[in-house]
Structure formats: C-alpha cells, structure tokens
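Inspection log for the structure reproduced underneath, given as structure tokens.
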Amino acid sequence: MKDYQIRSAEEFQRTGYFFHENFISQTECNSLLQLITDYRQTNSVPKIYRNVKPIPLSYFVIDGKIIQSHIPEVQKLYETVNQIINNLTNKQLFPLQDIQVGCNINITEKGGTYRWHYDRNAITALLYLNEVDGGEIEFYPNYRITLPSAKFSRFQSVIDRVQQLSFFRHTFGRQIIIKPQPGLLLVMAGDKCLHSVRPVTEARERINIVMAYDLPNANFVVKDQLNTYLYSSEEVLNTDPNYS
Ligand SMILES: O=C(O)CCC(=O)C(=O)O
Ligand SMILES: [Fe+2]
Numbered sequence: 141m142k143d144y145q146i147r148s149a150e151e152f153q154r155t156g157y158f159f160h161e162n163f164i165s166q167t168e169c170n171s172l173l174q175l176i177t178d179y180r181q182t183n184s185v186p187k188i189y190r191n192v193k194p195i196p197l198s199y200f201v202i203d204g205k206i207i208q209s210h211i212p213e214v215q216k217l218y219e220t221v222n223q224i225i226n227n228l229t230n231k232q233l234f235p236l237q238d239i240q241v242g243c244n245i246n247i248t249e250k251g252g253t254y255r256w257h258y259d260r261n262a263i264t265a266l267l268y269l270n271e272v273d274g275g276e277i278e279f280y281p282n283y284r285i286t287l288p289s290a291k292f293s294r295f296q297s298v299i300d301r302v303q304q305l306s307f308f309r310h311t312f313g314r315q316i317i318i319k320p321q322p323g324l325l326l327v328m329a330g331d332k333c334l335h336s337v338r339p340v341t342e343a344r345e346r347i348n349i350v351m352a353y354d355l356p357n358a359n360f361v362v363k364d365q366l367n368t369y370l371y372s373s374e375e376v377l378n379t380d381p382n383y384s
C-alpha cells in the first residue's frame, strides 16, 4: 500500500468525500478478484433486483457474514480501512454492529445499476477492483437536507425523494462522476451524499468492496426490512426504503 496522505478532518467535513487512486496495487486487486472467483466457484451468490425508478437496483452481493467466514482477506481490509477513515474524519468510528451489512462485495453485471440512495451509516468507503465500461458512480456530496434527530422519519423520506429528482440534483447539487478503476478508494459521508451507479455497458462484471463505518452506538430504525430488500432475492413490498 502506498503511503497514506492525511488530509485534514475539516477538509473532509467540508467536501463530504475523498478519493485515493492506487490505494492498493493492481496485483493486490487481482488477488482479491481471484479469491472472489474461488468463492463463487463453489457457492452461488444472490442476485438482487428491485425495479425502482428511475434507476433499478440490480446486482449480486456477497454479504458481510460470508466475508467474515469465507474471505478473511477482505475482512482484514475492512479493518485496515477503518484506520484510514478515523484519520480522515478525526473520529473514532467502527465497523457496523450488523455484520451482514458492514462489509459487502458488490458484483454488477452488464446492464446492472444501483439505485439512488443514501447509506444508513455515516461513512462509506468503496474500493474498486477493476475497470469496466460504464458503471460510474454519480454522487452529490453533502447534498442532503437532514432533519435534526429524524434521519429515518417519514418527512425525511419526502425530502429525500424530492431532492432525488433530476431537476433538484442539477439545480442544487454538485455532481461528481467517478469511473471505477483498480485500487481506487472512494470515501464519502454516505448518509449525506446522494449516490447511484450507472449501467455497466460491457460484458465484464464490475466488482467492488463496500465498507461501512459509524459511531459504536449508531442504530438504524429501518434495519430488518432494508436487509431483506438489499441482501435477499425475496419478494418485498415494492417500497424503496431509500437507504443502503
Ligand atoms: O458500487 C458503488 O459504487 C456504490 C455502491 C453503494 O452505494 C452501496 O452499496 O451502498
Ligand atoms: Fe451506497
């Protein structure tokens, strides 16, 4: 790993995101990709498809429980990145208590996308393992209007839906588009940055690791319904919980 350049917590606070190219090398990416391929050779990975507008949720996911028991190298990376996040934010953040959610591997095939949402947790790190055509992440850092002490309330979800509309995004947001590349680490205040993933346009799958952190006492009201929505192929009522 390259030397890590500490940027001030104020700067991260102000911009809402940070990225680091070649955080891990191409060789390290290849060996992680190989571990993922090995796991898939003997296990099937659930496909999640939720037909939400305007961008559906369509991807395969290896959840945190599986990572912990079958791919410890990725679990280790989740812990290493924790240190980086703590330096960057000048806070004492931790992996999520909900192991299934804390660290994931997202696999997006041709045509696959990830809907507009905010993450349920404070800080999210995305580590991209390969390059693909399409599959850019589009986000609006520090965009969300958050109601004090009502992050998961009904009125908050109305605000979120309005802010998601293209007109509002383009008028009030600062649009950032990042193309996946091997070893790129993107850190964002996930519960404040509206984000989505554009369609992958080639046959090769887009593969990345999603690592979520928060304060130790953070709780997420939306948990059970949301976990079914994001991690299982089960039918759910077609209401988008709007978080990840
Ligand atoms: O794959 C990405 O670039 C973003 C994924 C994401 O936002 C999530 O899993 O919450
Ligand atoms: Fe997300």
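Residue numbering for the sequence shown follows my numbering, beginning at 141 and increasing consecutively. Glycine included, every Cβ here is placed at the ideal spot set by N, Cα and C.
Quick one: grab the DSSP three-state call for residue i.
i	result
V302	helix
Y144	Note that Y144 has pLDDT 45, beneath the 50 cutoff, so the model's placement of it is unreliable and no number is given.
D178	helix
V214	helix
T341	coil
L267	strand
R260	coil
R314	coil
I207	helix
I164	coil
Could you check how far apart the C-beta atoms of residue i and residue j are, in whole angstroms? I think they sit under 8 angstroms.
i	j	result
P322	C169	4 angstroms
D331	N261	6 angstroms
T229	F152	6 angstroms
W256	Q315	So it is not a contact: roughly 13 angstroms between Cβ atoms.
P235	Y353	6 angstroms
In the DSSP assignment, what are the bridge partners of residue i?
i	result
P235	Y353
L334	Y280
V327	F158, A265
I202	I245
G274	V340
L197	R190
I346	Per the sequence shown, the amino acid found at residue 346 is Arg instead of Ile. T248, per the DSSP bridge assignment.
Y254	V337
Using a Cβ-Cβ cut-off of 6 angstroms (strictly less than) and excluding sequence neighbours within five positions of residue i, which residues of its own chain qualify?
i	result
V221	A265, M351
L287	Q296
E249	E345
Give every residue of the same chain whose Cβ lies closer than 7 angstroms to the Cβ of residue i, excluding the five residues on either side of it in the sequence, and list them in chain order.
i	result
E271	P320, Q321, P322
Report all residues from its chain with a CB closer than 8 angstroms to the CB of residue i; omit the five preceding and five following residues, and keep chain order.
i	result
S336	I195, T253, Y254, R255, W256, H257, I277, E278, F279
E342	K250, V272, D273, G274
Worksheet item: With distances taken from each beta carbon to the nearest heavy atom of ligand 1, which residues come in below 6 angstroms, in chain order?
Response: N246, Y254, D259, L266, I277, H335, V337, N348, V350, S384
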